[in-house]
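Scroll down for the structure; my scribbles are underneath it.
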Amino acid sequence: MVVVSGLAVAAHRLPGVTGFSVPWSVVLVLGTTVSLVAGFKNSQVLTRSSEALQAFAQITASSRLWSNFCRDFNDVPTARQLIYRHLAWLTALRFALRRPMPWESMGRAANVEFRRRYHIQEYASSIADELRPLLAERADDVLKSPHPAITLLEMQSVQVNALFKDAKIPPQVYSELVKLIRDFHDQQARCDRIKNNPYPRQYAIVSSMFVMVFCTLLPFGVVPVFADMGKLGGALGPIAIWLTIPFSTLLGWAYMSLDQVGESSANPFEGNANDVPISQICRDIEIELRTGLGEVDLPKPLLPVNDIAT
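Heads up: the sequence shown begins at 87 in this note's numbering, then just goes up one per residue.
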């Protein structure tokens with residue numbers, strides 16, 4: 087913006103094209119269009135982020151109910167097996183949501199540089215290392231599956247059905263456990279839809295193009311305003327036209343920042359600083375559920391690093 091603003095001032099004063107500018111009405115109409123398009127994009131992106139957060143809020147609530155039913159109506163080994171398999175499902179889900187996708191922005195230079203301030207749990211470990219302590223001998227079978235999270239939910243359903251057929255749990259509890267498994271399927275489907283289907287790229291690309299065109303033309307529309315201000319005389323008279331540079335830069339920064347906010351928030355699971363902190367949420371659930379089992383050797387909470395929760 088500083089460079090383009092300087093070119094606008096130079097073009098306005100350059101002999102042969104003295105007074106060159108873009109009509110302010112053109113800049114105004116384009117700016118209004120850009121505001122509407124960028125506002126629509128950010129509104130839709132906010133909806134995606136809110137839905138992602140709602141999905142994990144529901145997963146947290148359902149996980150607590152699952153733990154309560156498993157502990158209250160089963161013997162300790164069975165309850166521990168069901169709860170540990172649920173923790174394995176949470177692990178498989180977050181690893182699936184952290185996998186990189188072609189349209190995500192984590193590979194951009196600015197995000198790579200900012201990533202030095204925090205770390206992502208799933209990038210520092212592997213799904214195999216985290217599933218084996220939870221599933222023991224069944225871990226290899228799950229890891230061979232193309233969709234480990236779905237496989238784990240199917241295993242939960244099989245065991246719950248077996249417990250009901252063996253009359254180890256009453257029909258009311260069986261019904262509630264089946265409802266919870268269905269809810270886990272629903273929330274996973276919501277997360278998968280957000281992860282696997284990006285914000286429509288035609289809208290995102292057109293919005294970015296509009297912002298760039300507007301920011302390029304903006305200084306050429308602003309320069310005659312400050313040039314006319316200089317003709318009024320006064321203390322700012324000789325330098326009034328140069329005020330085009332800071333004010334155009336400020337306006338352009340506002341529009342480009344708005345576009346960048348929308349672009350970097352469109353994928354709430356990729357691991358950006360403002361994404362849904364699924365690693366921390368899952369760790370908190372694990373600590374809570376294992377505490378309910380009476381365990382004392384618990385993993386440490388994932389605290390924010392540089393005020394960034396992941």
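For glycine and all other residues, C-beta sits at the position ideal for the given N, C-alpha and C.
Buried/exposed call for residue i, threshold 16 Cβ in 10 Å
i      : result
Pro186 : exposed
Ile291 : exposed
Phe126 : exposed
Val362 : buried
Glu190 : buried
Lys386 : exposed
Ile367 : buried
Ile325 : exposed
Arg171 : buried
Met241 : buried
Gly380 : exposed
Ser135 : buried
Val89  : exposed
Lys317 : exposed
Asn358 : buried
Leu176 : buried
Ser111 : exposed
Glu199 : exposed
Lys281 : buried
Ala275 : exposed
Ser293 : buried
Leu238 : buried
Rounded C-alpha distance that separates residue i from residue j
i      : j      : result
Glu372 : Phe181 : 15 Å
Val120 : Arg184 : 32 Å
Asn360 : Cys277 : 17 Å
Asp272 : Gln288 : 28 Å
Ile206 : Arg194 : 16 Å
Arg268 : Val244 : 13 Å
Ser334 : Met298 : 13 Å
Pro234 : Asp393 : 32 Å
Pro354 : Ile169 : 27 Å
Trp339 : Val347 : 12 Å
Leu221 : Arg279 : 27 Å
Leu229 : Pro390 : 30 Å
Asn247 : Tyr260 : 8 Å
Ala395 : Met342 : 25 Å
Thr397 : Asn197 : The requested residue 397 does not occur in the structure, where the chain is confined to residues 87 to 396.
Ser365 : Ala141 : 14 Å
Phe155 : Glu262 : 8 Å
Leu114 : Met315 : 19 Å
Ala147 : Val308 : 54 Å
Cys257 : Val162 : Note that residue 257 is Pro in the sequence shown, not Cys. Computed Cα separation, rounded: 20 Å.
Leu249 : Val264 : 12 Å
Pro188 : Phe312 : 44 Å
Ala124 : Met295 : 11 Å
Gln167 : Met87  : 60 Å
Ala352 : Ala138 : 11 Å
Ala97  : Arg203 : 42 Å
Ala210 : Thr133 : 30 Å
Leu375 : Leu303 : 58 Å
Leu173 : Leu329 : 59 Å
Backbone secondary structure at residue i - three-state DSSP
i      : result
Val115 : helix
Val162 : helix
Val391 : strand
Met241 : helix
Val108 : coil
Glu137 : helix
His172 : helix
Tyr285 : coil
Thr396 : coil
Glu381 : coil
Ala143 : helix
Pro101 : coil
Met295 : helix
Ser148 : helix
His271 : helix
Pro234 : helix
Ile255 : coil
Arg279 : helix
Arg157 : helix
Arg185 : coil
Integer-rounded CB distance, given that residue j should sit under 8 Å from residue i
i      : j      : result
Ser107 : Pro284 : Actually they do not touch by this definition, with Cβ atoms about 39 Å apart.
Ile255 : Asn160 : 7 Å
Pro305 : Ser91  : 4 Å
Ile213 : Ala178 : 6 Å
Gly117 : Phe300 : 6 Å
Leu151 : Leu336 : Not a contact, Cβ separation roughly 51 Å.
Closer than 8 Å: residue i CB and nearest the ligand NAP heavy atom
i      : result
Ile145 : As far as ligands go, the structure on display features none, and thus does not contain the ligand NAP.
> Whole alpha helix (DSSP H) runs in the region 313 to 376 with 4 or more residues, listed along the chain?
Replying inline: Counting whole runs of 4 or more residues, the region 313 to 376 contains the alpha helix (DSSP H) stretches 330 to 350.
> If you scan the region 187 to 225 from start to end, which runs of the alpha helix (DSSP H) of 4 or more residues do you find wholly inside it?
Replying inline: Within the region 187 to 225, the complete alpha helix (DSSP H) runs of at least 4 residues are 195 to 200, 207 to 210 and 213 to 221.
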